[in-house]
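Participant:
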Amino acid sequence: MPGTWTIVVAGGSGSRFGERKQYLQCAGQRLLDWALAAARAHSDGVVLVVPADALDPTEPADVVVPGGATRSASVRAGLAAVPA
3 MPGTWTIVVA GGSGSRFGER KQYLQCAGQR LLDWALAAAR AHSDGVVLVV
53 PADALDPTEP ADVVVPGGAT RSASVRAGLA AVPA
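Just add 2 to the spot in the sequence shown (first one is 1) and you have my numbering.
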C-alpha cells in the first residue's frame with residue numbers, strides 16, 4: 003500500500019521564460035533534479051510530469067508521465083498516475 007506520494011509538475015513549455023527552465027543547470031544539477039531530490043526526501047513515491055516530447059522513462063522518479071496542454075491538465079495526469 004503506497005504512503006505519501008509527491009507529484010512534481012514539470013511539464014511546462016517555457017514559452018514565457020524562453021526555454022524549458024526545468025532542464026537548466028543550477029549548482030551542477032538540473033532544476034528538475036533539485037525538485038525530485040526534495041520530493042524523494044519526504045515521500046514514499048514520486049510522479050514526475052514532463053512535456054510530452056521530453057518523456058524519458060529513465061528519469062529518477064517512480065512514475066514519469068506526459069503533461070497536458072495546460073497546467074491543470076498536467077496536474078490531472080500526475081494525479082491519475084499515483085497508485086490507489
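A virtual CB, placed ideally from N, CA and C, is assigned to each residue, including glycine.
Being a predicted model, the structure only gives us computed values, none of them experimental.
Classify residue 18: buried if its beta carbon has 16 or more other beta carbons within 10 angstroms, exposed otherwise.
Facilitator: Note on residue 18: under 16 other CB atoms within 10 angstroms of its CB, so exposed under the neighbour-count rule.
Participant: From this set, 86, 26 and 8, which residue's C-alpha is nearest residue 44's C-alpha?
Facilitator: 8
Participant: Buried or exposed for residue 76, please, with buried defined as at least 16 other CB atoms from any protein chain shown within 10 angstroms of its CB.
Facilitator: Flag for residue 76 reads buried.
Participant: Determine, using beta carbons only, whether residue 13 and residue 48 come nearer to each other than 8 Å.
Facilitator: no
Participant: Roughly how many whole angstroms lie between the Cα atoms of residue 54 and residue 70?
Facilitator: 8 Å
Participant: Considering only the alpha carbon of each residue, which of 24, 42 and 85 lies closest to residue 56?
Facilitator: 24
Participant: Who are the near neighbours of residue 113 in its chain, counting only those whose CB is closer than 7 Å to its CB and skipping five residues on each side?
Facilitator: Lying before the first or after the last residue shown, residue 113 is absent from the chain, which here runs from 3 to 86.
Participant: Would you say residue 38 and residue 62 are within 8 Å of each other, going by their C-beta atoms?
Facilitator: yes
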